[in-house]
Amino acid sequence: MPGMSDPTMQSLLGSVERVDGLPGLPADLSWSPDGTRLAAGLGDGPVVIIAAGGSPDAISVLAGHDGGTTSVAWRPHDADLVASGGLDGAIRVWSASGAHAARVQEVSPIDWVQRVAWRGDGALLAGIAGRALVVLDDDGITRRFDDHESTLTDLAWHPRGRAIAVSHYGGLTSWSPRHADGTPRRFRWKGSSLRLAWSPDGRHVATGDQDSTVHFWIMKNGKDLQMWGYPRKVQELSWDSLGRHLATGGGPEVIVWDCSGAGPAGTEPLVLDVDGTPLVAVAFAPAGRAMAAVTDGGTLAVWDMRAPISAGGQVELPAAATALAWSPDGRRVAVGDAGGGVSVAGIAA
């Protein structure tokens, strides 16, 4: 049975609480907007709701998706509704308090839902499955965009909700759900983009690519820069809250680019070591200057990115990390691992 252990592990990160014995491995994590609960989408199917800092009795297991849950996203400004996507080709919106699916939307009979994401105001939900991007409101699908040449790999809303960007083989496509004609903007290159992230001001999109590069797209004019030299395909990306720094993975080190001024072209990035094993995720805190990274070797590392940059400590996890998520206030960071548990570390003042 799931249970929460005593917060006995200590480090420069502060105390660490742990939930063990989940019915599967956490594939994705999402905090409720009030920071009181954490949703974990499990690769074996269920969605688990965990009360942060609560007792073992404060854990509920939702049915999730047949075959596995791939993505979870808590609705902004709503402490009850959490969306999930899975290998069954469906998007479900759950009532976390009622432990039932408030609505179910079938997206594809043959493709799994790769990602779900809410617009910042919580009014619209987007999901991708195969070559399709769908947009839903409270009544169901309002728009469906199928005009893609290859399978979609990631999606992200413009910070002010003006557009949705999706990555795929051949580059990046940006759609506006407000335009009736559905005419997209296409940003083309000959390669496969795997992950994407908008800068906080919406001026740039970064993509992590299959060919071990990072693209830096200028959305106003469609120009791009490309950063080379990564040892692996790049699937880890995060902007800081000011849009100055872009942290990337693609190997055992965190590579941080300074994107201020003229951008990263011609500059040397900051390189941060962890434990020598491949990164699984990297993420800046939603506010402030903290950054966290987790590895396949089972390490959580945190840095204070204010100059001079300093290490904020490391925690050794019981198993390889699988997911990472900051709490909305940036005072806690949650990590899922291959041991079937979730660790929540406090950030010391």
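So in numbering that gives the first Met the number 0, spot 251 of the sequence shown is number 250, and the numbers just go up one at a time.
Virtual Cβ for every residue (Gly too), placed ideally from N, Cα, C.
Secondary structure of Val115, DSSP reduced to three states: The sequence position of residue 115 within the sequence shown is 116, counting from 1. Val115 falls in the strand class under three-state DSSP.
Measuring only the C-alpha atoms, how far is Gly42 from Thr321? Residue mapping note: residue 42 aligns to position 43 of the sequence shown, counting from 1. Residue mapping note: residue 321 aligns to position 322 of the sequence shown, counting from 1. Using only the alpha carbons, I get a separation of about 10 Å.
Inter-residue Cα distance where the pair is Phe144 and Trp93: On the sequence shown, position 145 is the one that residue 144 refers to. On the sequence shown, position 94 is the one that residue 93 refers to. If you take the alpha carbons of Phe144 and Trp93, they lie about 24 Å apart.
With a Cβ-Cβ cutoff of 9 Å, do Leu12 and Ile346 count as a contact? In the sequence shown, residue 12 corresponds to position 13, counting from 1. In the sequence shown, residue 346 corresponds to position 347, counting from 1. Cβ distance < 9 Å, so Leu12 and Ile346 count as in contact.
Could you give the distance in angstroms between the alpha-carbon of Val60 and the alpha-carbon of Trp188? Translated into the one-based positions of the sequence shown, residue 60 becomes position 61. Translated into the one-based positions of the sequence shown, residue 188 becomes position 189. Roughly 43 Å between the two C-alpha positions.
Could you tell me the boundaries of the beta strand (DSSP E) in which Ile24 lies? To locate residue 24, count along the sequence shown from 1; it is residue 25. Per the sequence shown, the amino acid found at residue 24 is Leu instead of Ile. Per DSSP, Leu24 belongs to no beta strand (DSSP E) and is neither H nor E.
Can you have a look at Thr7 and say buried or exposed, based on whether 16 or more other CB atoms are within 10 angstroms of its CB? On the sequence shown, residue 7 is found 8 positions in, with the first residue counted as 1. Note on Thr7: pLDDT 33, under 50, position unreliable in the model; no value is reported.
Would you call Gly340 buried or exposed, if buried means 16 or more other Cβ atoms sit within 10 Å of its Cβ? Here residue 340 corresponds to residue number 341 of the sequence shown, with the count starting at 1. Under this definition Gly340 is a buried residue.
Any contact of the stretch 221-233 with the stretch 291-310, i.e. 3+ C-beta pairs under 8 Å? no
Taking the straight line between their C-alpha atoms, what separation do you get for Arg36 and Ile48? Residue numbering aside, residue 36 sits at position 37 when the sequence shown is read from its first letter. Residue numbering aside, residue 48 sits at position 49 when the sequence shown is read from its first letter. Using only the alpha carbons, I get a separation of about 7 Å.
Quick check on the DSSP output: the beta strand (DSSP E) that includes Glu252 runs from which residue to which? Here residue 252 refers to the residue found at position 253 of the sequence shown. Counting along the chain, the beta strand (DSSP E) containing Glu252 begins and ends at Glu252 to Asp257.
Grab me the residues of Ala344's own chain with a C-beta within less than 7 Å of its C-beta, minus the 5 sequence neighbours each way, in chain order. Here residue 344 is taken as the residue at index 345 of the sequence shown, counted from 1. Here the set comprises Leu12, Gly13, Val15, Leu299, Val314, Arg331 and Val332.
Residue burial classification, Gly207 (beta-carbon count within 10 angstroms, cutoff 16): Numbered from its first residue, the sequence shown carries residue 207 at position 208. That one is buried.
Euclidean distance between Cα positions of Asp223 and Asp19: Within the sequence shown, numbered from 1, the residue matching residue 223 stands at position 224. Within the sequence shown, numbered from 1, the residue matching residue 19 stands at position 20. If I take the Cα positions, the gap works out to 44 Å.
I'd like the span of the beta strand (DSSP E) that includes Asp146, first residue to last. Taking the sequence shown and counting its residues from 1, the one referred to as residue 146 is at position 147. Counting along the chain, Asp146 falls outside any beta strand (DSSP E), and DSSP gives it neither H nor E.
Can you list, in chain order, the residues of its chain whose CB lies under 7 Å from that of Glu105, leaving out five sequence neighbours each side? Locating residue 105 in the sequence shown gives position 106, where the first residue counts as 1. Here the set comprises Gly88 and Ala89.
From the DSSP secondary-structure annotation, give me the bridge partner or partners of Val204. In the sequence shown, counting from the first residue as 1, residue 204 sits at position 205. Answer is Trp197 and Trp216, bridged to Val204.
Just grab the DSSP bridge partners of Gly312 for me. In the sequence shown, residue 312 corresponds to position 313, counting from 1. Per DSSP, Val301.
Taking just the CA atoms, how far does Arg74 sit from Trp117? Here residue 117 corresponds to residue number 118 of the sequence shown, with the count starting at 1. Here residue 74 corresponds to residue number 75 of the sequence shown, with the count starting at 1. Trp117 and Arg74: Cα-Cα distance of roughly 6 Å.
By alpha-carbon positions, which one of Thr68, Leu24 and Ser149 ends up nearest to Val165? Working through the sequence shown from its first residue, we reach residue 165 at position 166. Val165 has its Cα closest to that of Ser149, out of Thr68, Leu24 and Ser149.
If you drop the 5 nearest sequence neighbours on each side, which residues of the same chain put their C-beta closer than 6 Å to that of Gln234? One-based indexing of the sequence shown puts residue 234 at position 235. Same-chain partners within the cutoff: Leu193, Arg194 and Gly207.
Do Trp238 and Pro199 have their C-beta atoms within less than 9 Å of each other? The residue labelled residue 238 in the question sits at position 239 within the sequence shown. The residue labelled residue 199 in the question sits at position 200 within the sequence shown. Contact flag set, yes.
Val204 to Asp336, Cα distance in whole Å? As a working mapping, residue 204 is identified with position 205 in the sequence shown. As a working mapping, residue 336 is identified with position 337 in the sequence shown. So the two alpha carbons sit approximately 29 Å from each other.
Can you look up Gly13 in the DSSP assignment and give me helix, strand or coil? Looking up residue 13 in the sequence shown gives position 14. Coil, per DSSP.
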